[in-house]
């Protein structure tokens, strides 16, 4: 029906709309109690600047339009536009609270909404990241009231640190980091760099030998009719990458196993800490990331969130927005598989450096979906 909206029937008019307005006001007040100021970024954002920051899923779902000013998109979330606004203003410490609609295209037949509300807050501050992470989760949880949700956490910093600790080439590490948010591709890369290295190298042996014998142009000429638009220099650069990869030693089985083990850690946050300590042995980069995780658990406990009761999943957050690079969390509805996560959030320090052209600031935040929360509470 025309009056329906995300997960709520008839909530675009009359009394249902009034109830939603009241719920939004309550959520915004709870989030703003941290000292945050209201912010309202533009609904239309420059697609050429921001779209790649979201990752593949959102790139495929963004509504884009074009006029004489270039390609624009309807904001698919608030975090990236707020970071853009904040960094443009000088990257000073600040806290923001906001609420408004976001838009995402959906596949034919999907029951997911194209438009829905997000209410959230963001913290841009140096200082103690563990305390800020804990505050972000505690504030979001408080804004949910008595809603029946299950909190789940993850830490992308752990897997990124494990990749950094690998004894392999920089291009391989960069490729693995780039595909952390694409589990199938990530696993395929791990296999190709590890047990599949020999077969991948053999499959390219003829190509590499032909290029080494006569150069790129001769190899292309011998191949017959040229199909495609790539320049010779581009082909040569790609062949050089393949040659370097072929000459790089495969990943050690124990390194591949360790990455898979970090991703497979599940259980209470306290149990996860024990498992991660064991996996970090002998790897200073991962050990430091586990230390940060442990400090976060202490900060969460100080805010009344018990690590013994908080769920941790090593792979959590890998299929969501690609700008998260540390702590991630979600509040999942209990008993309502038809609803999306009621709240999500996390840390995104690297995003501020990208939009600040190197001048970043530590940042963490989270969002609540008011319509989904109301649907959960009203049954």
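Residue numbers (the working numbering): 1293 to 1671. Even glycine gets a Cβ: it sits at the ideal position worked out from N, Cα and C.
Let me check understanding here. Comparing Cα to Cα, which of the options lies closest to residue i?
i            : options                : result
residue 1387 : 1397, 1403, 1369, 1413 : 1413
residue 1357 : 1372, 1370, 1338       : 1338
residue 1671 : 1310, 1440, 1460       : 1440
residue 1591 : 1311, 1618, 1483, 1421 : 1421
residue 1632 : 1359, 1408, 1307       : 1408
residue 1620 : 1395, 1432, 1411       : 1432
residue 1364 : 1380, 1335, 1347       : 1335
residue 1584 : 1607, 1558, 1618, 1464 : 1618
residue 1647 : 1340, 1380, 1317, 1359 : 1380
residue 1485 : 1349, 1461, 1568, 1470 : 1461
residue 1613 : 1474, 1324, 1571, 1361 : 1474
residue 1396 : 1360, 1346, 1362       : 1346
residue 1607 : 1319, 1450, 1402       : 1450
residue 1322 : 1586, 1434, 1340       : 1434
For residue i, I'd like the list of residues in its chain whose CB is within less than 8 Å of its CB, leaving aside the five on either flank, ordered along the chain.
i            : result
residue 1329 : 1386, 1387, 1388, 1389
residue 1487 : 1542, 1545, 1548
residue 1436 : 1623, 1634, 1635, 1660, 1665
residue 1398 : 1353, 1404, 1405, 1406
residue 1344 : 1351
residue 1333 : 1367, 1370, 1373, 1374, 1376, 1377, 1390
residue 1300 : 1308, 1312, 1663, 1666, 1667
residue 1310 : none
residue 1465 : 1455, 1456, 1458
residue 1477 : 1471
Considering only residues of the same chain and omitting the five flanking positions on each side of residue i, which have a CB-CB separation below 7 Å?
i            : result
residue 1628 : 1668
residue 1454 : 1550, 1551, 1554, 1578
residue 1430 : 1595, 1597
residue 1616 : 1448, 1609, 1638, 1639, 1640
residue 1468 : 1455, 1478, 1481
residue 1572 : 1578, 1579, 1582
Of all the CB atoms in chain B, is at least one closer than 9 Å to the CB of residue i?
i            : result
residue 1393 : The structure shown contains no chain B; it is built from a single protein chain.
Per DSSP, residue i forms a beta bridge with which residues?
i            : result
residue 1655 : 1416
residue 1338 : 1364
residue 1559 : 1604
residue 1357 : 1364
residue 1300 : 1297
residue 1660 : 1411, 1635
residue 1329 : 1388
Buried or exposed: which applies to residue i, given that a residue is buried once 16 or more other Cβ atoms fall within 10 Å of its Cβ?
i            : result
residue 1611 : exposed
residue 1293 : exposed
residue 1576 : exposed
residue 1626 : exposed
residue 1517 : With a pLDDT of only 49 at residue 1517, under 50, the local geometry of the prediction cannot be trusted, and the value read off the model is given with reservation. Under this definition residue 1517 is an exposed residue.
residue 1657 : buried
residue 1566 : exposed
residue 1427 : buried
residue 1298 : buried
residue 1655 : buried
residue 1556 : exposed
residue 1362 : exposed
residue 1649 : exposed
residue 1327 : exposed
Might you give, ordered along the chain, the residues of its own chain that have their beta carbon closer than 6 Å to the beta carbon of residue i, omitting 5 neighbours on each side?
i            : result
residue 1315 : 1662, 1666
residue 1305 : 1295
residue 1604 : 1445, 1561, 1564
residue 1394 : 1367, 1368, 1369, 1410
residue 1442 : 1624, 1626
residue 1589 : 1561, 1599
residue 1580 : none
Measuring from the CB of residue i, is there a heavy atom of the ligand FAD at a distance below 8 Å?
i            : result
residue 1408 : The model on display carries no ligand, and the ligand FAD is accordingly not part of it.
Review point. For the stretch 1434-1488, which segments carrying the alpha helix (DSSP H) assignment without a break, of at least 4 residues, lie completely within its bounds, in sequence order?
Key: The stretch 1434-1488 contains these whole alpha helix (DSSP H) runs: 1448-1456, 1462-1470, 1475-1485.
Practice item. Please specify which runs of the beta strand (DSSP E), each continuous and at least 3 residues long, are wholly inside the stretch 1360-1447, giving them in chain order. Key: Runs of the beta strand (DSSP E) inside the stretch 1360-1447: 1362-1366, 1386-1395, 1407-1416, 1441-1447.
Exercise for review: Would you list, in sequence order, the uninterrupted beta strand (DSSP E) runs of no fewer than 3 residues that lie entirely inside the stretch 1605-1646?
Suggested key: Along the length of the stretch 1605-1646, whole beta strand (DSSP E) runs at least 3 residues long occupy 1619-1625, 1635-1639, reported in chain order.
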